[in-house]
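Start counting at 1 in the sequence shown, then tack on 9, and there's your number in the numbering used here.
Have a look at the structure below, then the notes.
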Amino acid sequence: MSELNLILLGPPGAGKGTQAERLREDFGLPHISAGDMLRAQVSAGTELGLKAKGYMDAGKLVPDEVIIGMIIDRVGDEDARDGFLLDGFPRNEEQADALGQALKGLDRRLTAALLIEVPDEEVVRRLAGRRVCVKNPTHIYHVEFDPPKHEGVCDQDGARLQQRKDDAEETIRNRLAVYHEQTEPLVDYYERLGLLRRFDGSRNADEVHRHIRAALATLRLEEKL
Ligand code: AP5
Ligand code: MG
Numbered sequence: 010m011s012e013l014n015l016i017l018l019g020p021p022g023a024g025k026g027t028q029a030e031r032l033r034e035d036f037g038l039p040h041i042s043a044g045d046m047l048r049a050q051v052s053a054g055t056e057l058g059l060k061a062k063g064y065m066d067a068g069k070l071v072p073d074e075v076i077i078g079m080i081i082d083r084v085g086d087e088d089a090r091d092g093f094l095l096d097g098f099p100r101n102e103e104q105a106d107a108l109g110q111a112l113k114g115l116d117r118r119l120t121a122a123l124l125i126e127v128p129d130e131e132v133v134r135r136l137a138g139r140r141v142c143v144k145n146p147t148h149i150y151h152v153e154f155d156p157p158k159h160e161g162v163c164d165q166d167g168a169r170l171q172q173r174k175d176d177a178e179e180t181i182r183n184r185l186a187v188y189h190e191q192t193e194p195l196v197d198y199y200e201r202l203g204l205l206r207r208f209d210g211s212r213n214a215d216e217v218h219r220h221i222r223a224a225l226a227t228l229r230l231e232e233k234l
């Protein structure tokens, strides 16, 4: 079977996590969220988590030596053999090079970089209203755009919903600045490699999902030819 080795690019709040969960179900690929993996390390109080916490709370990128090994190891896991949805990695050129090298070493290559584009003002509205499940952070809601059936409670497992610590307005501004400065250059990087696919993330989540799913179905067909 052809592999679908995918990365999701886009500013904070673009909907990377929201779309990755839907695509995970469509294509049966593991959703590898760099942010969720780091937050799990922070909660568990590991050495890696302790190193990452201050950067995350400030909305800065954690150092490459903290993140690269963790993600590259995960991509090599058995469940990612037929492909993966990498959400939030790579976030700078060094990380993109490291991923490319690692895949090459496994005799694999990236299928596409999916860019979800959303303007800065919309990012602030989305993150200020975001709520995530305390039990499973891939269960994501929005107080206005995607409210749970019962306020403050996860539809899927009944656990409490909370705000992410880095969703305070000032931290959101920092994260946006970091995105434009350090991560946005990857748009050109993947465009040059012929891997970039752009999606209008300002549409509603169902529409964005339909567009990405259709593009991936076409890509998969092309890979088989
Ligand atoms: P990370 O967790 O990756 O955060 P992020 O990139 O800032 O992205 P978010 O998770 O905030 O947004 P999202 O695009 O997933 O949007 P979501 O689907 O939730 O990283 C956090 C931190 O970890 C970083 O700041 C850094 O410190 C560190 N880190 C992580 N990776 C790193 C790396 N590679 N290198 C170094 N450091 C790293 O949606 C947002 C909201 O909008 C939700 O409420 C949702 O319901 C709503 N929504 C989604 N889609 C739509 C839509 N189409 N219309 C309306 N509402 C929508
Ligand atoms: Mg996310």
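No residue lacks a Cβ here, since even glycine has one placed at the ideal position from N, Cα and C.
Item                                                                                                              : Value
Whole beta strand (DSSP E) elements within the stretch 125 to 187, 3-residue minimum                              : 139 to 142 and 149 to 151
Ser42, buried or exposed, once every other Cβ within 10 Å from all chains shown has been counted against 16       : buried
Beta-carbon gap between Asn14 and Leu112 smaller than 8 Å                                                         : yes
Alpha helix (DSSP H) segment containing His40, residue limits                                                     : Not the alpha helix (DSSP H): His40 falls in the beta strand (DSSP E), residues His40 to Ser42.
Length of the line joining the Cα atoms of Pro39 and Ala89                                                        : 6 Å
Close-in-space but distant-in-sequence residues of the same chain around Asp66 (CB under 7 Å, 5 per side omitted) : Lys174 and Asp175
Identity of the residues DSSP links to Asp116 by a beta bridge                                                    : Answer is none; Asp116 lacks a bridge partner.
Status (buried if at least 16 other CB within 10 Å, exposed otherwise) for His189                                 : exposed
Local conformation of Arg206 per DSSP, three classes                                                              : strand
Asp155 CB to nearest heavy atom of the ligand MG below 7 Å                                                        : no
Residue range of the beta strand (DSSP E) that includes Asp91                                                     : No beta strand (DSSP E) holds Asp91; DSSP gives it neither H nor E.
Leu136 beta carbon near the ligand AP5 (any heavy atom closer than 7 Å)                                           : yes
heavy atom of the ligand MG below 7 Å from Asp96 C-beta                                                           : yes
Selected residue, minimal CA-CA separation from Tyr198, among Asp73, Leu115, Glu102 and Ala29                     : Glu102
Euclidean distance between Cα positions of Ala168 and Glu160                                                      : 11 Å
Minimum C-alpha distance to Thr147 - residue among Val132, Ala137 and Gln165                                      : Gln165
CA-to-CA distance, Pro99 to Ile80, given in whole angstroms                                                       : 9 Å
Leu17 - containing beta strand (DSSP E), residue span                                                             : Leu13 to Leu18
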